[in-house]
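Trainee: Residue numbers (the working numbering), protein chains in the order written: chain U, 85 to 229; chain E, 85 to 229. Just so it is clear, CB atoms sit at the ideal spot from N, CA and C, and this is done for glycine as well.
2 protein chains.
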Amino acid sequence: MKLSTRARYGTRALLDLARHEGEKPVQLKEIAGRQNISLHYLEHIIAPLVRAGIIRSTRGARGGLQLTRQPKDVRLSEVIQLLEGTISPVDCIGNPESCERADTCVTRDIWCEMKKAIDATLDSVTLQDLVEKQERKEAPLKQNA
Amino acid sequence: MKLSTRARYGTRALLDLARHEGEKPVQLKEIAGRQNISLHYLEHIIAPLVRAGIIRSTRGARGGLQLTRQPKDVRLSEVIQLLEGTISPVDCIGNPESCERADTCVTRDIWCEMKKAIDATLDSVTLQDLVEKQERKEAPLKQNA
DNA sequence: ACAAAGTTTACTATTTTGGTCAACAATGGA
DNA sequence: TCCATTGTTGACCAAAATAGTAAACTTTGT
Ligand code: FES
Ligand code: FES
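Set out below in structure tokens:
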């Protein structure tokens, strides 16, 4: 029950992108540098997000990445789903055929509830939430003043 | 974010044990047979449960396994914890040192909430719940009569 | 044309998972 | 006492997933 580095790096990259977005696209290289993630590896991680249309990319000189939606409209549930492939603790949730006698299996119901709990948690958080949280954490002096 | 077979097999084995408990110990061989799990593999899976004292084992002729507590006092959270090692989606929940700058990391907070959600779900289910659920599923005719 | 970006494919090393096997230890019964 | 039976342990192994590297390729602005 571990999250892969893809999910963690990807989320951080997306958060980084959200925070540094402006008129101009943000280069993958910058994100990799700031987040201390291998550029080559990050390319692989970002790919599914681009394919899914969460990120728009423009190649060539002065190219880079941009979010296609506002951060408040990007839920972590969707992000993790794309990065992790699936969040199901067991395969038979998605396709009951993977286990024999899935219809009489009682543990399956429990794993199913687990998935729901995870989904609900991730669904309640948007990229905007993360951005705001980060800003609060990075400006503690202002809070105390 | 997948559960290992150890967690799934182990839970099923424990459920099987709870259902077939009587005066005499239940043999690992029987459980393996009923649940269609490799005996040798199941030995390894059961081991941490014995070590943790959830199961009492007696060796030798006519030996076998017995629960040390009533099924209603065995929570899945504890079982999965033992079988899976940890339920944390990331290491830095348990030991914050594993990530650098864990104190300013906002994604960590999210993963932490995920863990809480999972824990809560598993904590709300006991072995007894599973047994009852199973019995309801296996006797649908009686329900309809 | 050229340099600067992202894209894609191929490859690799390491770790985790999911087992198997065999020696061993303890126990009850003949 | 000895043996069959049952659980315990540690060594070992193959396959898959994970994490990462490298390089060729495509697109685009200047
Ligand atoms: S049906 Fe898949 S775990 Fe039981
Ligand atoms: S501190 Fe561990 S994920 Fe950020």
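Who does U/Arg-159 pair with in a DSSP beta bridge?
Mentor: BP columns for U/Arg-159 point to U/Thr-210.
Trainee: Are the C-beta atoms of U/Ala-229 and some chain E residue less than 8 Å apart?
Mentor: Its pLDDT being 48, under 50, U/Ala-229 is placed unreliably in this model, and the value from its coordinates should be taken loosely. Output row for U/Ala-229: interface = no.
Trainee: For the alpha helix (DSSP H) containing E/Ile-139, name the first residue and the last one.
Mentor: Counting along the chain, E/Ile-139 falls outside any alpha helix (DSSP H), though it belongs to the beta strand (DSSP E) covering 139-142.
Trainee: Please confirm whether any heavy atom of ligand 1 lies closer than 7 Å to the CB of E/Ala-91.
Mentor: Result no, Cβ not under 7 Å from ligand 1.
Trainee: How would you call U/Thr-152, buried or exposed, if buried means at least 16 neighbouring beta carbons within 10 angstroms?
Mentor: Exposed: under 16 other Cβ atoms inside 10 Å.
Trainee: Using a Cβ cut-off of 7 Å, pull out every chain U residue sitting near E/Pro-173, in sequence order please.
Mentor: Ordered by position in chain U, the residues that pass the 7 Å Cβ test against E/Pro-173 are Met-85, Lys-86, Leu-87.
Trainee: Measuring only the C-alpha atoms, how far is U/Glu-168 from E/Ser-88?
Mentor: Approximately 16 Å, taken between the alpha carbons.
Trainee: Specify, as a first and last residue, the run of the alpha helix (DSSP H) that U/Gly-178 falls within.
Mentor: Here U/Gly-178 belongs to no alpha helix (DSSP H), and DSSP marks it neither H nor E.
Trainee: Output the boundary residues of the alpha helix (DSSP H) element that contains U/Leu-126.
Mentor: U/Leu-126 -> alpha helix (DSSP H) spans 123-135.
Trainee: Any Cβ of chain E within less than 8 Å of the Cβ of U/Val-209?
Mentor: Closer than 8 Å to some Cβ of chain E, the Cβ of U/Val-209 qualifies, so yes.
Trainee: Please confirm if E/Gln-212 has its CB atom under 8 Å from at least one CB of chain U.
Mentor: So no, E/Gln-212 is outside the interface.
Trainee: Quick one: any contact between the segment 147-163 of chain U and the segment 190-197 of chain U, if contact means 3 or more CB pairs under 8 Å?
Mentor: Segments in contact, no.
Trainee: Assess, as a yes-or-no matter, whether the segment 129-136 of chain U is touched by the segment 102-121 of chain E under the definition of 3 or more beta carbon pairs within less than 8 Å.
Mentor: With the cut-off at 8 Å, the segment 102-121 of chain E and the segment 129-136 of chain U do not touch.
Trainee: Leaving out the 5 sequence neighbours to the left and right, which residues in its chain are closer than 6 Å to U/Tyr-93 when beta-carbon positions are compared?
Mentor: These residues qualify, in order along the chain: Ile-121, Ile-129.
Trainee: Name, please, each residue of chain E whose Cβ falls closer than 8 Å to the Cβ of U/Arg-159.
Mentor: Near U/Arg-159 there are no residues of chain E at all, since even the closest Cβ is about 12 Å away, more than 8 Å.
Trainee: Which same chain residues, not among the five before or five after E/Leu-160, have their C-beta less than 6 Å away from its C-beta?
Mentor: The residues are Leu-206, Val-209.
Trainee: In angstroms, rounded to a whole number, what distance separates the CA positions of E/Gln-119 and E/Glu-222?
Mentor: Looking at the two C-alpha atoms, the distance is approximately 15 Å.
Trainee: What does U/Gln-150 pair with, by DSSP beta-bridge criteria?
Mentor: Paired residue(s): U/Arg-140.
Trainee: Ends of the alpha helix (DSSP H) at E/Arg-92?
Mentor: Per DSSP, E/Arg-92 belongs to the alpha helix (DSSP H) from 89-104.
Trainee: By the 10 Å Cβ neighbour count, where 16 or more other Cβ atoms means buried, how is U/Leu-123 classified, buried or exposed?
Mentor: The residue in question, U/Leu-123, is exposed, as its Cβ has fewer than 16 Cβ neighbours within 10 Å.
Trainee: Establish whether the CB of E/Lys-217 and some CB of chain U are separated by less than 8 Å.
Mentor: It does; some Cβ of chain U falls within 8 Å.
Trainee: Give a yes or no on whether 8 Å exceeds the smallest Cβ distance from U/Asp-100 to chain E.
Mentor: Judged by the 8 Å Cβ criterion, U/Asp-100 is not in contact with chain E.
Trainee: Mind checking if E/Lys-108 is an interface residue toward chain U, Cβ cutoff 8 Å exclusive?
Mentor: Not an interface residue.
Trainee: Does any residue of chain U bring its CB to less than 8 Å from the CB of E/Leu-166?
Mentor: No, because no Cβ of chain U sits closer than 8 Å to the Cβ of E/Leu-166.
Trainee: Cβ closer than 8 Å: which chain U residues qualify as neighbours of E/Glu-222?
Mentor: In chain order: Thr-188.
Trainee: Strictly under 8 Å for the Cβ-Cβ distance: is E/Thr-152 near chain U by that measure?
Mentor: Not an interface residue.
Trainee: Name, in chain order, the residues that DSSP records as bridge partners for E/Val-110.
Mentor: Per DSSP, E/Leu-149.
Trainee: Looking at E/Ala-204 and U/Ala-201, is the spacing between their C-beta atoms short of 8 Å?
Mentor: Yes, the pair counts as a contact, with Cβ atoms nearer than the cut-off.
Trainee: According to the neighbour-count rule (16 or more other Cβ atoms, all chains shown, within 10 Å of its Cβ), is U/Asp-100 buried or exposed?
Mentor: Buried: at least 16 other Cβ atoms inside 10 Å.
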